[in-house]
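Notes follow once the structure below has been shown.
Residue numbers (the numbering used here): 76 to 158.
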């Protein structure tokens with residue numbers, strides 16, 4: 076399936092999404108659980124890299140956000156303003 080999302084700059088992005096159907100298991104099958112904790116700043120940086128990769132052919136995006144600390148800070152500000 077495809078979804079469309081419009082960002083605050085008016086650009087429409089189309090994404091392929093996979094529908095996930097819930098699955099239930101008998102709780103007695105679970106022996107252990109692992110909780111992964113990650114530094115929130117690592118997540119933000121990872122999102123910037125992901126967004127940059129999605130828009131690597133988008134000249135407007137590349138002009139707005141350089142692939143360096145200055146571009147990262149600009150991207151963070153715009154995301155912050157958007158939310």
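Here a beta-carbon is modelled for each residue, glycine too, at the ideal position from N, C-alpha and C.
Item to check | Close Cβ partners of residue 87 (< 8 Å) along its chain, the five nearest in sequence each way excluded | outcome: 79, 80, 81
Item to check | Endpoints, the alpha helix (DSSP H) within which residue 135 is located | outcome: 134-139
Item to check | Inter-stretch contact at 8 Å, needing at least 3 Cβ pairs: the region 91-105 / the region 119-126 | outcome: no
Checklist entry - How close, in whole Å, do the beta carbons of residue 149 and residue 140 come, if the pair is a contact with beta carbons under 8 Å? => result 6 Å
Checklist entry - Closest to residue 154 by CA distance: which of 107, 122, 115, 109 is it? => result 122
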